[in-house]
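When the count follows this note's numbering, it moves up by one through the sequence shown with no breaks and lands on 1213 for the last residue.
The beta-carbon is built from N, C-alpha and C at its ideal position, and this holds for glycine as well.
One structure is given below, encoded as structure tokens.
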Amino acid sequence: MSWHLFAVFFASTFFISATPGPNMLLAFQYGMNYGVKRTLWTLAGLSLGLFVLLLSTLLGLDVISRQSPWLLTIIKAVGAVYLIYLGISSWRDAGDGSLMSDAKELSVEVAADYTVSDGAPISQPRSLSSAATKIAPSNMTLFRTGVWVSLSNPKAILFFAAFFPKFINFSAPLWPQYVLLTIGLFLSETIWQIVYTLGGKKLASWLDVGNRLAWLNRGCGVIFIIIAAALLAEVINSFIA
973 MSWHLFAVFF ASTFFISATP GPNMLLAFQY GMNYGVKRTL WTLAGLSLGL FVLLLSTLLG
1033 LDVISRQSPW LLTIIKAVGA VYLIYLGISS WRDAGDGSLM SDAKELSVEV AADYTVSDGA
1093 PISQPRSLSS AATKIAPSNM TLFRTGVWVS LSNPKAILFF AAFFPKFINF SAPLWPQYVL
1153 LTIGLFLSET IWQIVYTLGG KKLASWLDVG NRLAWLNRGC GVIFIIIAAA LLAEVINSFI
1213 A
């Protein structure tokens, strides 16, 4: 992999990671509720869950590239269609909701679906900004919640399978490329998880000014469509060649 291609990959993932998906919303919510130090346990859980999903995807691509190379073309074509769908959805839904409202919705889902080890549900703060020392779960519970939220988003596998092939040279050794791409992805994710954890209400207010959050989502949609177009070009060239 050339450094130019890696730079494009990192820039793309850095921008995409900035959008408030489930992992970022959980980091944002817990940062306000439990403080930065406690939320680091949740960030570790989020990273572990994401790594499991990514590793599953990369192992699958490795097997396919060795045993059924023709499937890679199909994966790229289907992945391009999926990225176009994500791009259109990101643009169309860009103006819906806000960071605070999205975080509240996620907190309700987590409280409803996840329980601590003794079977008692995780308590909900009266508000996202309330001091949560009275109800703060254990560090291990914060960690497990991060793992659960990350693993409960299997669409990440679809995204990885659609997005990563554009940046992989399947005729070259794969695992050195996988390591480099994984480092780039997790560097982007970690930076933004920390930003969302530290940002709190100031970040939410900043994103709400001038529809910045909406334009961030639209920009992400544009990136999806650009990557999809590049994938489709590769598929077409493979048939022409």
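- Looking at the backbone, the Cα of I1163 and that of S1019 are separated by about 12 Å.
- Distances from the CA of N1209 to each of M996, K1009 and A1049 were compared; the closest alpha carbon is that of A1049.
- Assigned with DSSP and collapsed to three states, P1148 falls in helix.
- One alpha carbon belongs to L1153, the other to S1110, and they sit about 33 Å apart.
- The region 1137–1155 and the region 989–999 do not touch, with fewer than 3 CB-CB distances between them shorter than 8 Å.
- Under the three-state reduction of DSSP output, D1180 falls in the helix class.
- Around the C-beta of R1038, fewer than 16 other C-beta atoms lie within 10 Å, and the residue is accordingly described as exposed.
- In the same chain as Y1002, and ignoring 5 residues on each side of it, the C-beta atoms closer than 6 Å to its own belong to T1011 and T1014, in chain order.
- Between the alpha carbons of T985 and L1157 lies a distance of about 6 Å.
- In the DSSP assignment, D1034 falls within the alpha helix (DSSP H) that extends over V1008 to Q1039.
- The residues Y1150, in chain order, have a CB closer than 7 Å to that of L1030 in the same chain once the five nearest residues on each side in sequence are set aside.
- A contact between stretches requires three or more CB pairs, one per stretch, nearer than 8 Å, and the region 1040–1048 fails this requirement with the region 1160–1180.
- Per DSSP, the unbroken alpha helix (DSSP H) holding M1112 starts and ends at N1111 to L1123.
- By the neighbour-count criterion, in which 16 or more other beta carbons inside 10 Å mark a residue as buried, L1027 falls on the exposed side.
- The residue among A1144, G1182 and I1198 with its C-alpha nearest the C-alpha of V980 is I1198.
- Put simply, of L1204, A1186, I1195 and L1123 the residue whose alpha carbon is nearest the alpha carbon of R1064 is A1186.
- In this structure, the beta-carbon distance from G1059 to A1134 does not fall below 7 Å.
- If you check the CB distance, N1189 and S989 do not come in under 7 Å.
- The residues T1014, G1017 and L1018, in chain order, have a CB closer than 6 Å to that of G1118 in the same chain once the five nearest residues on each side in sequence are set aside.
- Straight across, the Cα-Cα distance linking P1145 with A1176 is about 43 Å.
- Membership of I1060 in the alpha helix (DSSP H) is indicated by the continuous run W1042 to R1064.
- Taking every protein chain shown into account, the CB of S1160 has 16 or more other CB atoms within 10 angstroms, so this residue is buried.
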